[in-house]
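J.: For the sequence shown, position 548 matches number 548 in the working numbering, and the numbering has no gaps at all.
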Amino acid sequence: MRKSEEKAPWWSSAVVYQIYPRSWADSDGDGIGDLPGIIARLPYLRDLGVDAVWLSPFYTSPQADAGYDVADYYDVDPLFGTLADAEALISTAHDLGLKLIVDLVPNHTSDEHVWFQAALAAAPGSPERDRYMFRESLGDDDSEPPNNWDSVFGGPAWERVTEKDGSAGLPGQWYLHLFDVKQPDLNWENREVHEEFERVLQFWLDRGVDGFRVDVAHGLVKEAGLPDSTGTSHVADGSQPMWDQPGVHEIYPEWRALLDAHAEQTGSEPMLCAEAWVVPPDRLAKYVRPAEFHQAFNFEFLETPWRASELRDVVDRTSSANAAVGAPTTWVLSNHDVVRHATRMGLPSAASHLNGVGADDPQPDTELGLRRARAATAMMLALPGGAYLYQGEELGLPEHTTMPDEDRQDPTYARTGHAIRGRDGCRVPMPWARDEPAYGFNDTGELWLPQPQAYAALAVDQQVGVDGSTLELYRTLLRLRRAYELGATTLSWVDAGTDVLAFDSGPVRSITNFSDTSYELPNGWQVDAASGPLDGGRLPTDTTVWLTRSDDC
1 MRKSEEKAPW WSSAVVYQIY PRSWADSDGD GIGDLPGIIA RLPYLRDLGV
51 DAVWLSPFYT SPQADAGYDV ADYYDVDPLF GTLADAEALI STAHDLGLKL
101 IVDLVPNHTS DEHVWFQAAL AAAPGSPERD RYMFRESLGD DDSEPPNNWD
151 SVFGGPAWER VTEKDGSAGL PGQWYLHLFD VKQPDLNWEN REVHEEFERV
201 LQFWLDRGVD GFRVDVAHGL VKEAGLPDST GTSHVADGSQ PMWDQPGVHE
251 IYPEWRALLD AHAEQTGSEP MLCAEAWVVP PDRLAKYVRP AEFHQAFNFE
301 FLETPWRASE LRDVVDRTSS ANAAVGAPTT WVLSNHDVVR HATRMGLPSA
351 ASHLNGVGAD DPQPDTELGL RRARAATAMM LALPGGAYLY QGEELGLPEH
401 TTMPDEDRQD PTYARTGHAI RGRDGCRVPM PWARDEPAYG FNDTGELWLP
451 QPQAYAALAV DQQVGVDGST LELYRTLLRL RRAYELGATT LSWVDAGTDV
501 LAFDSGPVRS ITNFSDTSYE LPNGWQVDAA SGPLDGGRLP TDTTVWLTRS
551 DDC
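#1: Could you tell me the boundaries of the alpha helix (DSSP H) in which ALA456 lies?
#2: Using the C-alpha atoms, what's the distance from ASN322 back to PRO281?
#3: Out of curiosity, what's the CA-to-CA distance linking VAL60 and ALA121?
#4: Would you kindly check if the distance between the Cβ of LEU354 and the Cβ of GLY396 is under 8 Å?
#5: What three-state label does DSSP hand ARG108 in the structure shown?
#6: Does the separation of the CB atoms of PRO57 and VAL105 fall below 8 Å?
#7: Would a C-beta distance cut-off of 8 Å place GLU394 and LEU486 closer than the cut-off?
#8: For ARG423 and ASP365, I'd like the C-alpha separation in whole angstroms.
#9: Name the two residues that bound the continuous alpha helix (DSSP H) containing ASN513.
#10: Assuming the contact rule is C-beta atoms closer than 8 Å, HIS108 and ASP165 should be a hit. Round their C-beta distance to whole Å, please.
#11: With distance defined between alpha-carbon atoms, name the residue in SER550, VAL315, PHE293, ARG481 nearest to VAL527.
#12: Keeping to the same chain, check which residues put their C-beta closer than 7 Å to that of PHE503; ignore five residues upstream and five downstream.
#13: Between ALA351 and the rest of its own chain, which residues show a CB-CB distance below 7 Å, the 5 nearest in sequence each way excluded?
#14: For the putative contact between MET403 and PRO450, defined by C-beta atoms under 8 Å, what is the C-beta separation to the nearest angstrom?
#15: If you draw a straight line from the alpha carbon of GLN63 to that of LEU447, how long is it in whole angstroms?
#16: Mind checking GLY506: buried by the 16 CB within 10 Å criterion, or exposed?
#17: Just to confirm the assignment, what range does the beta strand (DSSP E) spanning ALA52 have?
#18: Who are the Cβ neighbours of PRO124 in its own chain at under 6 Å, not counting the five residues just before and after it?
#19: Excluding five sequence neighbours on each side, which residues of the same chain lie with their C-beta closer than 8 Å to the C-beta of ILE90?
#20: Could you give the distance in angstroms between the alpha-carbon of VAL464 and the alpha-carbon of THR476?
#21: According to DSSP, which residues form a beta bridge with PRO171?
#22: Buried or exposed: where does CYS7 fall if 16 or more other Cβ atoms within 10 Å of its Cβ makes it buried?
#23: Apart from the five residues on each side of it in sequence, which residues of its chain come closer than 6 Å, Cβ to Cβ, to GLU112?
#24: Report the CB separation of LEU35 from ASP95 in whole angstroms; it is logged as a contact under 8 Å.
#25: Do ASP180 and ASP69 have their CB atoms nearer than 8 Å?
#26: Quick one: give me the first and last residue of the alpha helix (DSSP H) that GLN117 is part of.
#27: Following the continuous beta strand (DSSP E) through ARG548, name the residue where it begins and the one where it ends.
#28: With a Cβ-Cβ cutoff of 8 Å, do TYR132 and ALA119 count as a contact?
#29: When you compare the segment 377 to 394 with the segment 536 to 551, are there three or more beta-carbon pairs, one atom per stretch, that lie closer than 8 Å?
#30: Rounding to the nearest angstrom, what Cα-Cα distance links ASP215 and THR541 in this structure?
#31: For PHE297, list the residues DSSP reports as bridge partners.
#32: What separation, rounded to the nearest whole angstrom, lies between the Cα atoms of VAL460 and PRO437?
#33: When DSSP builds the beta bridges, which residues end up paired with TRP525?
#34: Bridge partners of MET133, per DSSP?
#35: In its own chain, which residues sit with a C-beta less than 8 Å from the C-beta of MET497, not counting the 5 before and 5 after it?
#36: Suppose the cutoff is 7 Å on Cβ atoms and the five residues either side in sequence are ignored; what does the same chain contact list for ALA324 look like?
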């Protein structure tokens with residue numbers, strides 16, 4: 001077979017389902033999901049029709065940030081199970097025809113990691129401290145932090161340690177934590193850090209994982225000298241000293257070479273996916289150049305308002321930027337860090353509500369939000385490239401927008417003085433069965449976060465086999481996407497008017513109506529799928545349809 005005829009790698013068009021382990025299935029009834037629970041429910045994902053599963057962190061952790069504060073990258077937290085459970089999960093996924101992607105958290109560790117504990121016990125200037133970002137105080141009285149950086153979770157990004165001097169504790173150096181105080185940033189100028197994460201990658205590759213989603217991929221390297229920041233946004237635009245520095249692009253070729261070597265030795269195709277909140281698209285595209293990541297989430301698409309012209313523009317700009325470096329585009333609408341799109345699209349101003357919704361905030365139009373979410377997903381799954389789904393979106397789950405504030409656990413809520421609700425509302429445990437405890441999440445009714453009553457009617461057992469349900473819509477879309485190989489096609493826009501977005505992707509014509517009036521569907525085409533009921537031969541507002549030529553059917 002000539003190289004030009006070789007089959008594209010699996011990740012270039014895969015649909016990946018994100019599992020948030022503590023909220024998907026709880027096997028032991030303690031209220032927190034676990035790996036055995038995930039194993040038992042994996043056939044559901046095979047039947048849904050996804051290609052791969054991505055797991056948020058399950059490593060040993062004090063859980064200050066729900067596992068994104070890792071204390072041991074080589075083991076499983078007892079909260080979730082054992083290393084043997086992780087190996088069984090990988091094996092079971094493969095037996096079901098599913099790839100398995102794990103989270104990698106390289107920007108920071110837990111403050112309980114053995115390295116950081118050694119750093120605290122060591123003196124300033126020691127090799128142990130050089131693994132992290134320790135700095136001296138500023139100010140005439142040595143009381144000020146090294147610069148003005150803020151934490152993404154709110155408050156200052158520096159914490160001062162106490163040095164030991166005999167029996168007295170003295171104010172000492174500061175360490176950087178771009179996130180929670182219990183998440184000290186690593187120093188990627190230190191060669192030991194590079195070598196350690198290469199060991200971590202190899203450890204999980206040897207256990208059969210098919211790839212890594214890399215947390216905060218744009219934040220590992222900071223500008224030399226750590227100058228003050230002049231911006232406030234946490235999305236990298238090239239102007240802030242803690243994000244998207246050129247040095248990050250010296251790290252990832254090392255990782256890519258390691259994965260490529262593993263692929264050559266084993267015949268596998270492991271991949272890297274970047275969580276990089278970077279704009280504009282040409283800056284993000286640097287992360288998916290041939291020697292770096294295979295994928296990078298298209299967050300600009302996620303944040304685009306529900307308007308035809310803006311969505312077409314972001315699809316064009318991001319696809320073109322990725323194509324220029326030979327990479328596919330990776331689409332996403334929801335994840336564990338943003339308000340669920342079934343709620344976001346029903347809010348008065350979607351883009352301003354990415355950090356949580358509380359009971360005293362404007363509440364979404366539930367019906368409108370779900371209708372638009374279904375239409376948006378149908379449009380997304382017709383686009384060429386890869387796509388990620390977040391657990392429960394296939395049920396049409398909304399954000400828990402009325403969660404009692406006393407139940408919130410996201411560090412953002414505490415660190416902002418309760419000004420920002422945070423991400424708990426999108427992390428609520430899955431509903432599996434309407435009439436069981438915790439809606440089937442476990443058999444005890446224990447929950448780490450409360451479920452809203454709306455989840456009862458949306459439980460899996462209320463939607464399986466039900467014509468028109470959101471679950472059956474997703475199943476249909478995923479079956480047709482695979483049958484028509486839509487992820488491997490090219491996109492061609494079709495002129496359908498100002499407020500209608502239409503494009504051809506392989507044999508499918510996807511049409512989404514954003515206008516206030518119904519849109520007449522073209523003659524000579526058959527309806528293969530629709531995100532909502534059609535009005536005879538017309539497409540209602542906020543609805544997407546997939547058509548194929550009548551003579552092709």
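The C-beta atom is built at its ideal place from N, Cα and C for all residues, glycine as well.
T.: This is what the structure gives:
#1: Within the sequence shown, residue 456 is the residue found at index 456, counting from 1. Its alpha helix (DSSP H) spans residues 455 to 458.
#2: Numbered from its first residue, the sequence shown carries residue 281 at position 281. Numbered from its first residue, the sequence shown carries residue 322 at position 322. Distance between the alpha carbons of PRO281 and ASN322 is about 8 Å.
#3: The sequence position of residue 60 within the sequence shown is 60, counting from 1. The sequence position of residue 121 within the sequence shown is 121, counting from 1. According to the sequence shown, residue 60 is Thr rather than Val. About 21 Å.
#4: Along the sequence shown, read from residue 1 onward, the residue named residue 396 stands at position 396. Along the sequence shown, read from residue 1 onward, the residue named residue 354 stands at position 354. No, they are not a contact pair.
#5: Within the sequence shown, residue 108 is the residue found at index 108, counting from 1. Note that residue 108 corresponds to His in the displayed sequence, not to Arg. Correct three-state label for HIS108: strand.
#6: Mapped onto the sequence shown, residue 57 falls at position 57. Mapped onto the sequence shown, residue 105 falls at position 105. Yes, they are a contact pair.
#7: As a position in the sequence shown, residue 394 is number 394, starting the count at 1. As a position in the sequence shown, residue 486 is number 486, starting the count at 1. It is not a contact, given that the beta carbons lie outside the stated cut-off.
#8: As a position in the sequence shown, residue 423 is number 423, starting the count at 1. As a position in the sequence shown, residue 365 is number 365, starting the count at 1. Those two C-alpha atoms are separated by around 20 Å.
#9: Working through the sequence shown from its first residue, we reach residue 513 at position 513. It is not in any alpha helix (DSSP H) - ASN513 instead sits in the beta strand (DSSP E) that spans 508 to 513.
#10: Here residue 108 is taken as the residue at index 108 of the sequence shown, counted from 1. Here residue 165 is taken as the residue at index 165 of the sequence shown, counted from 1. Contact flag wrong, Cβ pair sits at about 28 Å.
#11: Numbered from its first residue, the sequence shown carries residue 527 at position 527. Comparing Cα-Cα distances from VAL527 to each of SER550, VAL315, PHE293, ARG481, the minimum goes to SER550.
#12: Along the sequence shown, one-based indexing puts residue 503 at 503. Result list for PHE503: LEU491, SER492, TRP493, VAL494, SER510, in chain order.
#13: For the purposes of this step, residue 351 is identified with residue 351 of the sequence shown, where counting begins at 1. With a pLDDT of only 48 at ALA351, under the threshold of 50, the placement of this residue in the model should not be trusted, and no figure is reported.
#14: Translated into positions along the sequence shown, residue 403 becomes position 403. Translated into positions along the sequence shown, residue 450 becomes position 450. Right, the Cβ-Cβ distance comes to about 6 Å (below 8 Å), so this counts as a contact.
#15: Walking along the sequence shown from the start, residue 63 turns up at place 63. Walking along the sequence shown from the start, residue 447 turns up at place 447. Using only the alpha carbons, I get a separation of about 16 Å.
#16: Your numbering for residue 506 matches position 506 in the sequence shown. Buried, since its Cβ has 16 or more Cβ neighbours within 10 Å.
#17: Reading the sequence shown from its first residue, position 52 is the one you call residue 52. 52 to 55 is the span of the beta strand (DSSP E), which, as asked, contains ALA52.
#18: Position 124 of the sequence shown, counted from the first residue, corresponds to residue 124. The residues are GLN173.
#19: In the sequence shown, the residue the question calls residue 90 occupies position 90. Within the same chain, ILE90 has close Cβ partners LEU100, ARG207, GLY208, VAL209.
#20: Reading the sequence shown from its first residue, position 464 is the one you call residue 464. Reading the sequence shown from its first residue, position 476 is the one you call residue 476. Counting only the Cα atoms, THR476 lies some 12 Å from VAL464.
#21: By 1-based counting over the sequence shown, the position of residue 171 is 171. DSSP, once it has assigned bridges, lists THR162 as partnering PRO171.
#22: Within the sequence shown, numbered from 1, the residue matching residue 7 stands at position 7. Reading the sequence as shown, one finds Lys at residue 7 and not Cys. Counting the other Cβ atoms within 10 Å of the Cβ of LYS7 gives fewer than 16, which makes it exposed.
#23: Indexing the sequence shown from 1 puts residue 112 at position 112. Same-chain partners within the cutoff: PRO62, ALA71.
#24: The count along the sequence shown starts at 1 and reaches residue 35 at position 35. The count along the sequence shown starts at 1 and reaches residue 95 at position 95. Incorrect: roughly 15 Å between the Cβ atoms, too far for contact.
#25: As a first step, residue 180 must be located in the sequence shown, where it is residue number 180. As a first step, residue 69 must be located in the sequence shown, where it is residue number 69. Yes, these two residues count as a Cβ contact at 8 Å.
#26: Start at 1 with the first residue of the sequence shown, and residue 117 comes out as number 117. For GLN117, the enclosing alpha helix (DSSP H) begins and ends at 114 to 121.
#27: Within the sequence shown, the letter at position 548 stands for residue 548. Per the sequence shown, the amino acid found at residue 548 is Thr instead of Arg. Per DSSP, THR548 belongs to the beta strand (DSSP E) from 543 to 549.
#28: The residue labelled residue 132 in the question sits at position 132 within the sequence shown. The residue labelled residue 119 in the question sits at position 119 within the sequence shown. Cβ distance < 8 Å, so TYR132 and ALA119 count as in contact.
#29: yes
#30: Counting from 1 along the sequence shown, the entry for residue 215 is found at position 215. Counting from 1 along the sequence shown, the entry for residue 541 is found at position 541. Rounded to the nearest angstrom, the two C-alpha atoms are 37 Å apart.
#31: Within the sequence shown, residue 297 is the residue found at index 297, counting from 1. According to DSSP, PHE297 bridges with THR330.
#32: Within the sequence shown, residue 460 is the residue found at index 460, counting from 1. Within the sequence shown, residue 437 is the residue found at index 437, counting from 1. Cα-Cα distance, rounded: 14 Å.
#33: If you number the sequence shown from 1, residue 525 lands on position 525. In DSSP, TRP525 forms a bridge with ARG549.
#34: Here the question's residue 133 lines up with position 133 in the sequence shown. Answer is none; MET133 lacks a bridge partner.
#35: The residue you call residue 497 lines up with position 497 of the sequence shown. A small fix is needed here, since residue 497 is Gly in this sequence, not Met. Shown here for GLY497: same chain residues with a beta carbon closer than 8 Å to its own, the five before and five after excluded, namely SER515, TYR519 in chain order.
#36: Stepping through the sequence shown from its first residue, residue 324 is reached at position 324. Here the set comprises ALA285.
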